[in-house]
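Worksheet: the structure to be examined is printed underneath.
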Amino acid sequence: MTALLSVKNLSFVKKPKSRWFKKSKGFTLHPLDFELNSGETLGILGLNGSGKSLLGKLLVGAEKPTSGEIYLNGQKLLGDNIKQRCLNIRMIFQHSNESLNPGLTASAILEEPLILNTGMSPIERQNKIEKTLKLVGLLSEHRFFYRHMLSDGQRQRLAIAKALILDPQILVADEPFAALDPSVRSQTINLIMKLQQDLGLGFIFISHNIGLVRHISDRALILQDGKVIETGKAEAIFSWPKALYTQKLVNSHHSLINPKSN
Amino acid sequence: MYLNRAYQILIMCIVLTLSACGKISSVNINDAGIIYCSEGNPTSFNPQLDTSGTTSDASSHQIYDRLLNFDPLTGKIIPALASSWLVSSDGLTYTFQLRRQVKFHSTDYFQPTRNFNADDVMFSINRWRLPNHPFHHVSGGKYPYFTSLELNQKIDKIERINGYRVELTLKSPDSSFLANLATDFAVILSKEYANQLVQQDNLQAIDNYPIGTGPFKYINYKKDRYIRYAKHSDYWRHDSAVEKLIFDVTPSSSLRLAKLITGECDAIAYPSQSELNVVREREDLTLDEKPGLNVGFWAFNTSKPPFDNPKVRRALSLAIDKNALLETVYFESATSAKGLLPDSSWAHQVDLIDTSYNPVMARKLLIESGISDGFSMDIWAMPVERAYNPNARKMAILIQRYLSEIGISANIVSYEWSTFRQRLTEGAHDSVLIGWNADNGDPDNFYRPLLTCAAIESGTNRAMWCNPEYDNLVNQAVLYSDTKDRISFYHAANSVIAEQVPLVPIAHAFRYRAHRSELKGLVINPFGAIRFGDVTK
Amino acid sequence: MRRIDFYEDDLYPSPLKHTWQEFQKSHIAVLGMWILAFFIVLIVVGPFVMPFDPLLQNPNAVLLSPSWEGSGSLQYILGTDSLGRDLLSRLVYGCRMTLGISLLLVMIAMMLGVALGATAGMAKGVRSSILNHLLDSLMAIPTLLIAIVIVAILGVGLVNSMWAIALALVPQFVHNTREFVRNEMNKEYILASKLDGARKLHLFFYCILPNMFELLVVQCTMALSIAILDISALGFLGLGAQPPSPELGAMLSEALKVAYKAPWSIALPGLAIFLMVLSINIVGDGLRAALRNRLTQ
Amino acid sequence: MILRTLIRNTNLLISTLLILSLFSFVLAFLFPGDPLENLSGLTNLSEQEYERVFLAYGFDQSYVTQFWIYLNKLFEGDWGLSFASGIPLWQELSLALPASIELSIYSLFVSLMIGIPLGFWAGFKYHKPADYSLLAISVVSYSLPIFWLALILILIFSLSLGWLPLSGRVSLLFDIPEVSGFMFVDIFNSEIDNKNAAYISALKHLIMPTLSLTIITAAIIFRLTRRSFIDVMSSQYIKTAYTRGLSHTQVILRHGVRNTLLPILPLFAMQSAVLLTNAMIVEFVYSWPGVGNWLIQAISQRDYPAIRAGMLAVSSLVIVVTIMTDVSAKLINPALVGENHAEN
Amino acid sequence: MALLDIRNLTLEIEGTSGWMKALDKINLTIEEGEIRALVGESGSGKSLIVQAIAGTIPENWVITADRLTWKGQDLLSMSANERRKVMREEIAVVFQNPVLSLDPSATLGEQLIESIPRSLVDGKWFWQRAAQRKEIAIKLLHKVGIRDHDSYLNSYPNQIADDISQKFLIACALVSSPKILIADDPTRGMEISTKTQILKLFTKLNQTRQLSILFVSHDLLAISSMADSMTVLYCGQTVESGKMSQLRKRPLHPYTKALLDSAPSFRKDLPPRTPLATLEGSMPTLQHLPIGCRLGPRCPRAQKECVKVPENRRVQEHSYSCHFPLHRDKK
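Chains W, A, D, E and F are the protein sequences, given in the same order.
Numbered according to the numbering used here, the first sequence spans residues 1035 to 1296.
Numbered according to the numbering used here, the second sequence spans residues 5 to 541.
Numbered according to the numbering used here, the third sequence spans residues -10 to 286.
Numbered according to the numbering used here, the fourth sequence spans residues 84 to 427.
Numbered according to the numbering used here, the fifth sequence spans residues 2 to 332.
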């Protein structure tokens, strides 16, 4: 069986540049491989500057890899074919607030990918929008709302709706919960897990929150400075971390949970 | 020395800090000089070269003297550099006895070593008379006043009898000859200065850095800004002139009046007719007014079609309502002109019939001459105010309106004054609103420069009109010294003009000059330029 | 006053409507808008209600003072000028001309400027920096200077001065659009649309333009007041509209010749320009404040 | 970092000046008439003379060479002659430009002295009557058409009250040689007897033009300052400064003022173009012998070399001022110096 | 005696539809040497409480309290000057987003040094005082764990990392040896290692200097390791307050429980990939406040009585405001 998504030898090099007396830092993402099956969640964990967001961008096509291939259902994804990619791999951004256009209503926001990527008629589009809104737990009245009229949780749901509206197979989420309040966060996590089950989505979850990654991922991938430190079953990694770096991360997480007296 | 500088800096700072404190009592330095707000830039400082009033104002009576002068009050010819003169009985030979002890200006570019004498007279007249004179071609080599009157042709010879006596012989008698020598244009230059310039190979300077015998000497000139003169302390006539004379070049009449009110000018040229009452009403200002020897007219360029057709010209003359123009442009400070001569001239023809406003007739004439669907033409309007036309642009706008009624669309064209005149002389215009200020009281001074063939060349015939019949009449007229004989010739000339319409006479305006009341001795000279030699404050 | 982000208004207006609500809170701004509306109505219906042709000269009624003064007549409410033309009609036509042309110019400049600015804002690398440099140098040249140069090439006249002013207005639009677009391009919602496969044209018209609308309106009011001032200044200096056309600046300079006899003929055109610019500026200020309020909420 | 800013901006300056001089070169071809005459200012030349000038300007060679020769001539100070006066343009400009600069500097100075304190005051009284009235006054004054304002000032102060002269820089009765072009300097260096009277006369001539410019410029500066101050005072670090126990005065003096002025300094530079435009109009109304008046005269006289040179001089001046202010604002603003991610 | 004692603090704000109670009968006490966590989601009014204590509430808002005392002195009746004196000498505040809290145009050194009050330096001449100030500043930096003081003192805020800025702000706050440090979400948006460092610093300061800390946050992960006690806010009301350990073990209020449950890390017993317990819906806005217990509409245990405002009940050191608390039904 071919994996839903398989990444082979993916790497990215940005050379340090020095032009006009201005230096820009370089960054290297060392070659990495992983696979993702449908219904499975891959957690990517790392600190700032570890390259985890870059990896997300490479997957959805916002950046072009230096080398390596990405296969979807065994079919190679081409770098310049945005359409092919966005029908299948969709991104959920960290700040739902910023990833939604403030000047458009919810229905216009949701309609945009449909206009760009499908040949649906306006009525079909409206039906699809309504369906998707319901799917993420919003009401069809919400389609007349602008971004600023929605609460945090509703915004995040709308962002998810925007990701789902093209019926993708894979969701890539870059820190989707970091800016949310705890209760809203729980709601959203539940929603995503439910959708994943219902629709059989592959889910790539990029975060620095060990607790969350551990809870929702099947497998995890630990990144440091562009290198894969450790990869494997999430449970195993966090219970028995092998790499020193992972141990450090897990320990600092534990020190937060447990009261100081302990 | 250092202390002095420090003190100045201190004063400067105090002045700067006090700036907001309103009116600061100023030290009165106003007595030291006179500021005259003139209306434009002179083209040079030699009135021989130019008939424009601006040039004459800036030089004729300030920097130079003539052999003879007009008495500004009576108009009689009085002695100037020539203390006396003798006319032979056949009217051909004139002998001038020159004044002694007349000193030329001493400036930083020229220091005279001798007084004025016959050589200077010979030089000055020969310059415009003889085409082979070394200075004849300097500054363009055109002497419009003299050539338009054909004076250069008329003089047979000029001889130096001795250092202070000169004899002039004409080819034919000319009753207006002495008057011409008294005009603004017949100024006396310095031969010695000319010699110096020849050595320096800088002939042009004679017209731009002038040396004369007049009450003021030239200090400097900034185009569009000012001309500075200083008192000529060895002036032969008197010692009453003020220390400084400044011409403040101010083309806008409203600005001139404003400056007069604030005291930035002591006297102004051409107060706008519309605002004369302002001057009349104020006690600190004085308005001088005199009927002027002038005519304002609308001349057609008869060398260009369709204006070469007298019918078209007549049509145009019928299309405008002169009375309306008089009212709105001159504010009734002028009389309607039927012919070239103003009422005050002895040759004025009382029974001359004025053209009337008749657009129907005008249209008919146009159709007769084959122009039924109109055409477009340019009206050139002077950018400056003149006594004979205080607001040519406004008049042009009015005429534009009248012309549109007979199907002619008119463009109004205007350039800076000296460019304007230059291009007029080239004949680039279709029609022009301009006029003529007499330089002397002789009717010849109207008829000859305005419409004779010779005047096309010299650039005063704005109609570019050459009519042998007319020329003949005008030439005949000056051969007689009896006014009755001459009048008949001029009346005949009038009918030629009325028939051919090379130009439409519009108005004879009054002459005005406004000055601050503390200024004494400024009189309007009906025959020419302003003179500040006798003015005191 | 500080507002706190979680206490949102009961009503949920669209961004545009929200700005409008904020705008209406300022009475002065609304007043300014009414004055502006009055001017706009005037320039539309003016020709139908004015008693005289602005070019009609009446030699019998030269320099009449306004009707409330001594020599005034009710026929000419605001008096006449030195050629006997009705000042009221001339003023109305003048406003029509000055404001109408300014509106036209601003529209042209806006379209040009936004197109260029959007291109510059979305372009990267050398092309964008060359464009930026060119724009910066263009912006540094004073309007009047551009006008003088154009007038020198093409000759004096209203149309030529319009070219000059339109040219001078464009850089402002380009600059602001460029900044805005460049700012927006870094935002996540643009990235999101890009990942949806949006092309640049779509990005600009579908995503950025709706958010830019108010900014453009504000920018237009600024440009409009500049255009009015510039057109009338050029008319005044004799470089723009030429007499007898009833352009306010040209009227003013014509009136200088009769400044003493008819001071109202200086006062009135100036006042008209001033009121137009003032109302536009007030509206612009109000809009800017409303926009700021909306964005900080 | 500083070096980088300097070099970048020097590059910018040089390339912009180059573009401007190219533009002025092209103008000579765009203007009506003979490009050679428009470049050199020499008219009515005899055939030999024309030939000589033709070669001197490299008109027998490619446009690039011509431009190169033109650039060289610009550097040598040979900007051609004026059609109208026949005087070298460089000489005319070196008198006209200082007159404009003098006027602009004085009014900028006064505007800053008025606008900045009032801006702070209004920002301090944010949403109070004092703020509202100052704001209203500022809207009114920057909506005034400058030429009308100047005329009204003349009507009031010159014609009705007779306090102030309405044209020129100093009474013409003072024969002050124009050397530097700056009136007070020239008076100081002149040899006339009555210098103090001349200072006073120059000052009286200065008041109204400065005032007309100031009314508009000060309003703009006031608004910039006020807005900036309000923004700064509502920022987090000002609140933090208060909770750090600093007194009101300390907070405003140490943090408020500096942060208010730093971001608006470059905006003042942007105003220099507006200021100069206004100054040019004011010059026309008050017959101030500056570059604006000079250019407007040049238009009416079809003096193309003068327009070409004036355009180049004025726009170069504005560019230099803008870039210099920009650079100095960057150099003294630590928030910009330290920026690692400067754009393009 | 409690350092800070707040009893029934109510804050009313005028909105478009009349006056709204942004804070409704808040109770909060902080003992000497205690670290108290103030927990609530955004919009619960945490920052308003901080503002009320610091005295930076806008003048047109109405603030009332039965008690708002600092060491027994009533803060509300103090004059502005006295209040500022207390703020300067005894209460220090640190805000979230350290970079915005620092003047971008002044070096860190300048800002730290100007915070040092005149009373701490006794030099006669200004250069002596300047030297003393610098010495104090360096000491302070060492205290907050910044060693490389020279380079940081001369840096501008935009040149340094978040955590260093926050440490600087803490150093500024510590200048006058305050009794209490109010930290308003100081670790918001920081990543885990940075967060740990700041939290460690707080703990250390609390232990070594007997510094009381009011730690305001929504981030349970940050709080639970260091706080002694916790007060939970919901929508402008205090819902529960008590010892940290007790609250974690046996929360009485349904909201507290939901909050704790939302962090999977606290629930070792929770199998991976199972739904988290949540409360339905979201926090109401100020215009739509429910009557009585504001959690009412979302509360799984809500009954009719919940339309009345629940009283504040106490069980030893543990107080709660709920009609139907958890774990208590059986009794």
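Yeah, the Cβ is synthetic: ideal placement off N, Cα and C, and Gly gets one too.
Contiguous alpha helix (DSSP H) elements confined to the stretch 41 to 105 of chain F occur at 47 to 55 and 81 to 90, taking only those with 4 or more residues. Under the Cβ distance rule, residue 341/E counts among the residues neighbouring chain F, one pair being separated by less than 7 Å. Residue 167/F: member of the alpha helix (DSSP H) spanning 163 to 175, first to last residue. Selection 1137/W, 1107/W and 1147/W evaluated against residue 1124/W yields 1147/W as nearest (Cα-Cα).
Boundaries for residue 1232/W: no beta strand (DSSP E) harbours it, while the alpha helix (DSSP H) harbouring it runs 1216 to 1233, taken from the DSSP string. Among the CB atoms of chain E, none fall inside 7 Å of the CB of residue 87/D. Taking a Cβ-Cβ cut-off of 8 Å, the neighbours of residue 1096/W in chain D comprise 180, 183 and 184, given in sequence order. With respect to residue 124/E, residue 163/E sits close: the two C-beta atoms are nearer than 7 Å. Considering only 383/A, 411/A and 467/A, the residue with the shortest C-alpha distance to residue 306/A is 467/A. Burial is judged here by how many other beta carbons sit within 10 angstroms of a residue's own beta carbon; residue 282/F has fewer than 16 and is exposed. Not a single CB atom of chain D sits nearer than 7 Å to the CB of residue 1275/W. Inter-residue distance for residue 162/F and residue 169/F is about 11 Å (C-alpha atoms, whole angstroms).
In the DSSP assignment, residue 206/E falls within the alpha helix (DSSP H) that extends over 172 to 207. Secondary structure at residue 39/D: coil, using DSSP grouped into helix, strand and coil.
The residues 230, 236, 238 and 239, in chain order, have a CB closer than 6 Å to that of residue 224/D in the same chain once the five nearest residues on each side in sequence are set aside. Residue 56/A has its alpha-carbon roughly 24 Å from the corresponding atom of residue 198/A.
The Cβ of residue 227/A sits closer than 7 Å to at least one Cβ of chain E. Judged by DSSP in its simplified three-state form, residue 468/A adopts coil rather than helix or strand. If you draw a straight line from the Cα of residue 1130/W to the Cα of residue 25/F, it is about 31 Å long. Nearest neighbour of residue 152/D by Cα position, chosen from 210/D, 91/D, 104/D and 245/D, turns out to be 91/D.
Within 10 angstroms of the beta-carbon of residue 190/F lie fewer than 16 other beta-carbons, which makes it exposed. Contact annotation: residue 319/A and residue 370/A have beta-carbon atoms nearer than 7 Å. Apart from sequence neighbours up to five positions away, the residues of its chain that approach residue 280/F with a beta-carbon distance below 6 Å are 259 and 299, ordered along the chain. Residues of chain D whose Cβ lies closer than 8 Å to the Cβ of residue 394/E are, in chain order, 130, 134, 137 and 138. Look at residue 137/E here: in three-state DSSP terms it is helix. The residues 408 and 412, in chain order, have a CB closer than 7 Å to that of residue 348/E in the same chain once the five nearest residues on each side in sequence are set aside. Under DSSP, residue 37/A shares a beta bridge with 248/A. In the DSSP annotation of this structure, residue 381/A is not part of any alpha helix (DSSP H); the continuous beta strand (DSSP E) holding it starts and ends at 380 to 385. Between the alpha carbons of residue 190/D and residue 153/F lies a distance of about 47 Å. For residue 11/D, no Cβ of chain W is located within less than 7 Å of the residue's own Cβ. For residue 1080/W, no alpha helix (DSSP H) encloses it; the enclosing beta strand (DSSP E) starts and ends at 1075 to 1080.
When only Cα atoms are considered, residue 231/F and residue 187/D end up about 49 Å apart.
Rounded to the nearest whole angstrom, the CA to CA distance from residue 209/F to residue 1085/W is 39 Å.
Within a 10 Å sphere around the beta-carbon of residue 186/A sit 16 or more other beta-carbons, which makes this residue buried. By the neighbour-count definition (other C-beta atoms within 10 Å, threshold 16), residue 409/A is an exposed residue.
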